[in-house]
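Quick look at the structure:
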């Protein structure tokens, strides 16, 4: 059974105030992707808004990305609204104050001494075609590993899909372990049986996807590798289609979260099938993106159930919530460093 609904179906529904009521902070501690590397060109200022804050991103003279608060400490101008990058520094459009990639003011015209002020910012890592920032106290004690498919010629350029919903990022992540919804949203005959493993800020959900797409019967394995609250890599492998989905969940403000999906389809290895890659991308786009939109429409109106009434086979949500609790400031669960205890973040090699 598969129930298709359009976003317009729910557009006229009155919104229950409880749909914006969550007991947990809206920014769990962890790494989040705020833009793709290709979106941050040298010499340009990119305006962003995440974590309830106006932000800017730019590259320094050495090409490294930085993400800082957007407002000038001098008089409050938004550095993304007319600001420019000059010699690897961002220049305020209002009074010409300049700030380096470390946030420090390096020049203030007409000042006898350079003011000792800085733009707030985040620790930044850039790899796998993503600019990642760490939201949390102090310096990060763990890292998101590189995603080899993003650089492999065996995979096609990604299908890039971004949407926003009135939902907490934790519930976006819970979607991958919600066994029963795979039947009603994704057309699977039975809820999948999933294997759950965790180690500190890393976790893995493993199972199978069995469904029919057009005339093909798909019976694929899937492995969802979770790197903290904001990054998940789902690898689906099978004889007909293999795809790696990079799921990026990022808080926008206290009511809204962003889901950015990057789908990397593995190119058929044999001639002439490798020329079918564009067709495979079209089929995948038609199937997957419609299902995501259906989920977003439901998310926009659901409420948080602190104690959901779960059936015996629905074990994933409870397991994920216990793991996810470590990313909140009130948690007593420690977040260890890079130890993974047998949770490989990715295949050892890719062609």
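Residue numbers (full-length UniProt numbering): 1 to 351. We put the beta carbon where it would ideally sit given N, CA and C, even for glycine. As the structure is a computational prediction, the values presented were derived from the model and not from experiment.
By how many angstroms is the C-alpha of residue j removed from the C-alpha of residue i?
i, j, result
"residue 103", "residue 53", "16 Å"
"residue 204", "residue 222", "10 Å"
"residue 353", "residue 328", "Past the boundaries of the shown model lies residue 353; the chain is included only from 1 to 351, so the question cannot be answered."
"residue 242", "residue 125", "28 Å"
"residue 184", "residue 55", "39 Å"
"residue 325", "residue 226", "14 Å"
"residue 48", "residue 70", "8 Å"
"residue 33", "residue 285", "22 Å"
"residue 316", "residue 302", "19 Å"
"residue 127", "residue 146", "6 Å"
"residue 228", "residue 311", "27 Å"
"residue 75", "residue 101", "20 Å"
"residue 235", "residue 244", "4 Å"
"residue 250", "residue 176", "16 Å"
"residue 309", "residue 297", "22 Å"
"residue 19", "residue 77", "34 Å"
"residue 178", "residue 224", "13 Å"
"residue 46", "residue 191", "42 Å"
"residue 345", "residue 264", "Below a pLDDT of 50, predicted positions are generally treated as unreliable, and residue 345, at 45, falls in that range; the measurement from the model is reported next regardless. Rounded to whole angstroms, residue 345 to residue 264 spans 17 Å at the Cα level."
"residue 17", "residue 165", "15 Å"
"residue 140", "residue 201", "11 Å"
"residue 98", "residue 182", "51 Å"
"residue 262", "residue 160", "5 Å"
"residue 199", "residue 188", "29 Å"
Using the rule of at least 16 other Cβ atoms within 10 Å of the residue's Cβ for burial, across every protein chain shown, is residue i buried or exposed?
i, result
"residue 279", "exposed"
"residue 352", "Any property of residue 352 remains undetermined from this structure, which presents the chain solely from 1 to 351."
"residue 112", "exposed"
"residue 110", "exposed"
"residue 4", "Any reading at residue 4 needs caution, since the residue's pLDDT is 41, under 50, leaving its predicted position unreliable; the model's value is listed next. Residue 4 comes out exposed."
"residue 357", "Since the first residue shown for the chain is 1 and the last is 351, residue 357 is missing from the structure and cannot be characterised."
"residue 115", "exposed"
"residue 305", "exposed"
"residue 89", "buried"
"residue 65", "buried"
"residue 276", "exposed"
"residue 57", "buried"
"residue 169", "buried"
Looking at the structure shown, is residue i part of a helix, part of a strand, or coil, going by DSSP?
i, result
"residue 286", "helix"
"residue 26", "coil"
"residue 49", "strand"
"residue 20", "helix"
"residue 305", "coil"
"residue 104", "strand"
"residue 318", "helix"
"residue 154", "coil"
"residue 265", "strand"
"residue 165", "strand"
"residue 251", "strand"
"residue 112", "coil"
"residue 295", "helix"
"residue 260", "strand"
"residue 139", "coil"
"residue 174", "helix"
"residue 55", "strand"
"residue 205", "strand"
"residue 146", "coil"
Using CA coordinates, which residue listed in the options is at the minimum distance from residue i?
i, options, result
"residue 105", "254, 79, 290", "79"
"residue 131", "67, 156, 190", "67"
"residue 162", "247, 326, 16", "247"
"residue 73", "261, 58, 85, 107", "107"
"residue 158", "21, 142, 88, 260", "260"
"residue 24", "14, 171, 153", "171"
"residue 134", "145, 127, 122", "122"
"residue 150", "251, 253, 36, 59", "36"
"residue 208", "193, 287, 293", "193"
"residue 268", "232, 38, 97, 156", "156"
"residue 318", "41, 16, 15, 174", "174"
"residue 256", "39, 40, 50", "50"
"residue 231", "95, 143, 85", "143"
In terms of DSSP beta bridges, what is residue i paired with?
i, result
"residue 84", "91"
"residue 71", "78"
"residue 237", "221"
"residue 354", "Residue coverage of the chain in this structure runs from 1 to 351, which leaves residue 354 outside it and unanswerable."
"residue 36", "130"
"residue 185", "The partner list for residue 185 (beta bridge, DSSP) is empty, contrary to what the question assumes."
"residue 244", "235, 264"
"residue 121", "68"
"residue 159", "263"
"residue 199", "202"
"residue 31", "134"
"residue 41", "Residue 41 pairs with nothing; no bridge assigned."
"residue 98", "91, 107"
Examine chain C for any beta-carbon lying closer than 8 Å to the beta-carbon of residue i, and answer yes or no.
i, result
"residue 248", "Structure shown: chain C not included; a single protein chain is present."
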